[in-house]
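> Mind having a look at this structure? Questions to follow.
In full-length UniProt numbering, the protein residues as written are 1 to 669.
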């Protein structure tokens with residue numbers, strides 16, 4: 001049964017990808033969706049057996065790599081962390097498959113799209129079920145490849161080509177960091193198996209590696225490398241630029257990438273490697289600062305976005321910052337709790353946005369929408385539930401995890417972090433709540449409440465989406481209401497045995513009980529900030545200040561707003577200082593001078609030219625006069641007699657082969 005969870009998406013990929021033209025659109029849709037729905041069923045059973053009953057499962061299939069000290073086997077680990085991820089991945093993927101049947105109805109390449117969704121799901125399942133770092137890296141790379149295929153699905157569009165290449169290249173930076181981490185792990189532990197590495201990590205807490213006279217703790221170095229990998233996949237500040245551009249793919253792709261698969265891989269890596277990361281306080285501090293900075297940056301940039309999918313994309317980036325942030329405080333169980341909750345309401349938001357775009361004939365600018373609440377009542381209700389859950393409205397799914405993160409921030413920063421960094425991270429996390437609420441309700445007001453600014457031809461054709469689009473929305477809306485309440489005691493309840501040994505939690509972080517006794521003022525702070533954001537969004541976009549905002553005409557504010565709408569010029573910085581110099585070097589130096597000149601110069605043209613030049617010089621020596629020849633003979637004998645002692649002296653000091661190489665180089669020059 002456990003192996004079927006892994007095998008079914010692979011079978012679905014092969015059948016729909018290779019046989020799509022024979023089984024047709026309906027056959028591809030039916031077969032691929034059936035495979036993923038069966039995975040949901042088996043994953044639920046695995047969650048019950050492994051997670052709730054506390055019976056982990058390990059499956060070893062066969063040897064894979066054997067080279068010297070490196071021995072790797074195909075193995076699959078099913079613990080509470082794995083089964084939790086499996087339920088999230090398969091549930092969201094099945095709903096996305098069902099949604100795509102109707103959404104991609106008129107696309108002639110629908111079987112190919114379904115095949116790509118299946119391969120995306122397969123590689124993500126392979127990533128979370130691996131029992132060693134190399135097998136996990138295989139799934140990690142596969143997820144990146146599948147994301148390229150899905151983002152670039154409409155390959156005739158230039159913007160889709162650029163977005164896919166950008167996602168692939170930016171993620172290669174994170175992949176390189178992860179590969180360095182795996183190499184360092186093998187160098188230190190002599191193995192890449194989770195069980196061996198995590199169980200023996202405490203032994204190597206005092207080991208160091210020296211670089212150019214600088215010494216760094218080995219576990220800290222490993223943690224930094226692993227963090228670089230997580231930053232790339234989970235779009236943290238610095239390597240976040242690919243995530244908004246990934247919206248060029250079809251909307252179901254956005255839902256799958258942002259909710260259940262690619263972006264959660266980085267958070268999963270941090271949680272899975274918690275026994276290593278917890279042994280380095282420097283890495284924990286770095287994770288905390290990076291996560292809080294990402295949450296703040298993405299939330300304030302999202303305020304100034306007008307594309308409905310980009311607003312939701314930046315909300316994903318911000319929420320991932322919260323997950324990484326709380327992992328830096330060593331509350332990995334809370335981070336996983338928020339990951340699960342976020343998957344459901346974020347998939348709901350993206351699929352609801354797809355329903356709006358479908359109704360408005362592919363219009364994505366919120367400024368050209370409005371008054372859709374009556375025309376799209378089910379979509380409006382679904383979007384409202386998802387937005388309220390994202391903003392942390394009380395008793396919805398997002399409320400239980402997001403407010404818990406804010407409360408943990410208040411009680412942990414002074415104990416687990418240096419006080420100055422703790423205050424910085426705490427304030428950023430709280431301010432992000434305000435901006436998150438603002439752009440969330442701004443989306444609702446501009447899309448559904450404000451008077452319409454759409455074209456007449458769009459207004460006349462507005463209609464609610466078909467049932468196959470609405471059914472996933474309804475199921476996700478129900479999940480966005482109840483999942484947080486139903487799973488809170490399981491994931492983060494006081495004394496819960498659910499996680500077992502799957503997650504490492506420091507004893508100093510086991511103070512969730514203190515959250516219940518916090519002052520009421522602090523516990524109400526997230527709700528107050530969310531309410532302020534909603535009121536500001538209504539006042540500015542719908543209410544009395546809609547057309548009378550004095551500070552909007554301020555020169556400084558307009559400059560700031562323009563900078564934030566351009567994402568603080570991160571793309572421009574990369575293009576100016578990294579991309580352009582590399583392109584210049586690649587064309588003007590590497591291609592024009594090296595590839596098209598240097599090789600020929602030292603190769604065939606250089607050799608022939610050298611021989612010709614030397615032959616011309618030798619010919620000039622042949623004068624035909626006996627006195628010249630006599631002079632050359634006497635000069636050669638004298639030179640030989642003088643060079644013999646010099647040669648013996650040089651042979652004593654320098655390797656003869658080096659002198660030969662120097663002579664050859666002089667001859668070629």
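Ideal Cβ positions, reconstructed from N, Cα and C, are used throughout, including at glycine.
1. With DSSP collapsed to three states, give me the class of residue 331.
2. Between residue 301 and chain B, is there a C-beta pair that is closer than 9 Å?
3. In or out: residue 265 buried (at least 16 other Cβ within 10 Å) or exposed?
4. Could you say if the segment 250-260 and the segment 310-330 meet the contact criterion of at least three C-beta pairs nearer than 8 Å?
5. By the three-class DSSP mapping on this structure, what secondary structure does residue 425 have?
6. Just mark residue 233 as buried or exposed, buried being the case when its beta carbon has 16 or more other beta carbons within 10 Å.
7. With distances taken Cα to Cα, identify the nearest neighbour of residue 387 among 94, 628, 440 and 159.
8. Once DSSP output is grouped into helix, strand and coil, what is the label at residue 299?
9. For residue 75, which three-state DSSP category applies?
10. Go through its chain and collect everything with a Cβ distance to residue 42's Cβ below 6 Å, but skip five positions before and after it.
11. Among 519, 153 and 75, which one has its Cα closest to the Cα of residue 132?
12. Have a look at 67, 519, 158 and 448 and flag the residue whose alpha-carbon is nearest the alpha-carbon of residue 459.
13. Assign residue 99 to one of two classes, buried (16 or more other C-beta atoms within 10 Å of its C-beta) or exposed (fewer than that).
14. Is the beta carbon of residue 77 closer than 9 Å to that of residue 271?
15. If you draw a straight line from the C-alpha of residue 496 to the C-alpha of residue 489, how long is it?
16. Okay, do the segment 298-306 and the segment 476-487 touch, 3+ Cβ pairs below 8 Å being the bar?
17. According to the Cβ coordinates, are residue 398 and residue 341 closer than 9 Å?
18. Any idea if residue 298 is buried or exposed, counting beta-carbon neighbours within 10 angstroms, 16 or more meaning buried?
19. DSSP three-state call for residue 670: helix, strand or coil?
20. So if DSSP puts residue 58 in a beta bridge, which residue, or which two residues, is it bridged to?
21. Buried or exposed: which applies to residue 202, given that a residue is buried once 16 or more other Cβ atoms fall within 10 Å of its Cβ?
22. Return the chain-ordered list of same chain residues with a C-beta closer than 6 Å to the C-beta of residue 60, the five sequence neighbours on each side being excluded.
23. Would you give the residue range spanned by the alpha helix (DSSP H) that residue 380 belongs to?
24. Within 10 Å of its beta-carbon, does residue 235 have 16 or more other beta-carbons around it, so buried, or fewer, so exposed?
25. Can you tell me where the alpha helix (DSSP H) with residue 29 in it begins and where it stops?
26. Where are the alpha helix (DSSP H) runs, 4 residues long or more, that stay fully inside the segment 604-629, in chain order?
27. Can you tell me where the alpha helix (DSSP H) holding residue 526 begins and where it ends?
28. From the DSSP output, in three-state form, read off residue 581 for me.
29. Count the other CB atoms, across all protein chains shown, that sit within 10 Å of the CB of residue 282; report buried if there are 16 or more and exposed otherwise.
30. In angstroms, rounded to a whole number, what distance separates the CA positions of residue 482 and residue 513?
31. Mind checking who residue 132 pairs with in its DSSP beta bridge?
32. Which class does residue 570 belong to by DSSP, given the choice of helix, strand or coil?
33. What are the boundary residues of the alpha helix (DSSP H) that includes residue 505?
34. Give the range of the alpha helix (DSSP H) segment to which residue 157 is assigned.
35. Rounded to a whole number of angstroms, what is the C-alpha to C-alpha distance between residue 241 and residue 567?
36. Put residue 150 into one of helix, strand or coil per three-state DSSP.
Once the coordinates are examined:
1. Taking the first residue of the chain shown as 1, we reach residue 331 at position 331. Coil, per DSSP.
2. Here there is only one protein chain, and chain B is not present.
3. Translated into the one-based positions of the chain shown, residue 265 becomes position 265. So residue 265 counts as buried.
4. Contact between the segment 250-260 and the segment 310-330 is present, because at least three Cβ pairs lie under 8 Å.
5. On the chain shown, residue 425 is found 425 positions in, with the first residue counted as 1. In the displayed model, residue 425 falls within a helix according to three-state DSSP.
6. For the purposes of this step, residue 233 is taken as the residue at position 233 of the chain shown. Buried: at least 16 other Cβ atoms inside 10 Å.
7. In the chain shown, the residue the question calls residue 387 occupies position 387. Checking every option, the nearest Cα to that of residue 387 belongs to 440.
8. Taking the first residue of the chain shown as position 1, residue 299 is located at position 299. The answer is helix: DSSP assigns residue 299 an H, G or I state.
9. Counting from one through the chain shown, the residue named residue 75 turns up at place 75. Here residue 75 sits in strand by DSSP.
10. In the chain shown, counting from the first residue as 1, residue 42 sits at position 42. Within the same chain, residue 42 has close Cβ partners 1, 4 and 5.
11. In the chain shown, counting from the first residue as 1, residue 132 sits at position 132. Ranking 519, 153 and 75 by Cα distance to residue 132 puts 75 first.
12. The residue labelled residue 459 in the question sits at position 459 within the chain shown. Closest by C-alpha distance to residue 459, out of 67, 519, 158 and 448, is 448.
13. The residue you call residue 99 lines up with position 99 of the chain shown. Buried, since its Cβ has 16 or more Cβ neighbours within 10 Å.
14. Position 271 of the chain shown, counted from the first residue, corresponds to residue 271. Position 77 of the chain shown, counted from the first residue, corresponds to residue 77. At a Cβ-Cβ threshold of 9 Å, residue 271 and residue 77 do not count as neighbours.
15. As a position in the chain shown, residue 496 is number 496, starting the count at 1. As a position in the chain shown, residue 489 is number 489, starting the count at 1. Cα to Cα, the separation comes out at about 7 Å.
16. Judged by Cβ distances under 8 Å, the segment 298-306 makes no contact with the segment 476-487, as fewer than three pairs qualify.
17. Locating residue 398 in the chain shown gives position 398, where the first residue counts as 1. Locating residue 341 in the chain shown gives position 341, where the first residue counts as 1. Annotated as proximal: residue 398 and residue 341, with beta-carbon spacing under 9 Å.
18. Working through the chain shown from its first residue, we reach residue 298 at position 298. Residue 298 is buried by the Cβ-count criterion.
19. Examination of residue 670 is not possible in this model, given that the chain is present from 1 through 669 alone.
20. Here residue 58 corresponds to residue number 58 of the chain shown, with the count starting at 1. Answer is 77.
21. For this step, residue 202 is matched to residue 202 along the chain shown. Exposed, since its Cβ has fewer than 16 Cβ neighbours within 10 Å.
22. Here residue 60 corresponds to residue number 60 of the chain shown, with the count starting at 1. Taken in chain order, the residues that qualify are 73 and 75.
23. The residue given as residue 380 occupies position 380 in the chain shown. Looking at the DSSP string, the run of the alpha helix (DSSP H) that includes residue 380 is 377-391.
24. Position 235 of the chain shown, counted from the start, is the residue given in the question as residue 235. By the C-beta density criterion, residue 235 is buried, having at least 16 other C-beta atoms within 10 angstroms.
25. As a working note, residue 29 is residue 29 in the chain shown. That run of the alpha helix (DSSP H) goes 2-46.
26. Assignment of alpha helix (DSSP H) within the segment 604-629, counting only whole runs of 4 or more residues, yields 604-621 in chain order.
27. Reading the chain shown from its first residue, position 526 is the one you call residue 526. Taken as a continuous stretch (DSSP letters only), the alpha helix (DSSP H) holding residue 526 covers 520-541.
28. The residue labelled residue 581 in the question sits at position 581 within the chain shown. DSSP, read as helix, strand or coil, puts residue 581 in helix.
29. For this step, residue 282 is matched to residue 282 along the chain shown. So residue 282 counts as exposed.
30. Your numbering for residue 482 matches position 482 in the chain shown. Your numbering for residue 513 matches position 513 in the chain shown. If I take the Cα positions, the gap works out to 23 Å.
31. Locating residue 132 in the chain shown gives position 132, where the first residue counts as 1. Beta-bridge pairing links residue 132 to 193.
32. Numbered from 1 along the chain shown, position 570 holds the residue referred to as residue 570. Collapsing the DSSP output to three states places residue 570 in a helix.
33. Translated into the one-based positions of the chain shown, residue 505 becomes position 505. That residue, residue 505, is in no alpha helix (DSSP H); it is neither H nor E in DSSP.
34. Counted from its first residue, the chain shown places residue 157 at position 157. No alpha helix (DSSP H) contains residue 157, which DSSP labels as neither H nor E.
35. As a working mapping, residue 241 is identified with position 241 in the chain shown. As a working mapping, residue 567 is identified with position 567 in the chain shown. So the alpha carbons of these two residues sit roughly 9 Å apart.
36. Reading the chain shown from its first residue, position 150 is the one you call residue 150. Here residue 150 sits in helix by DSSP.
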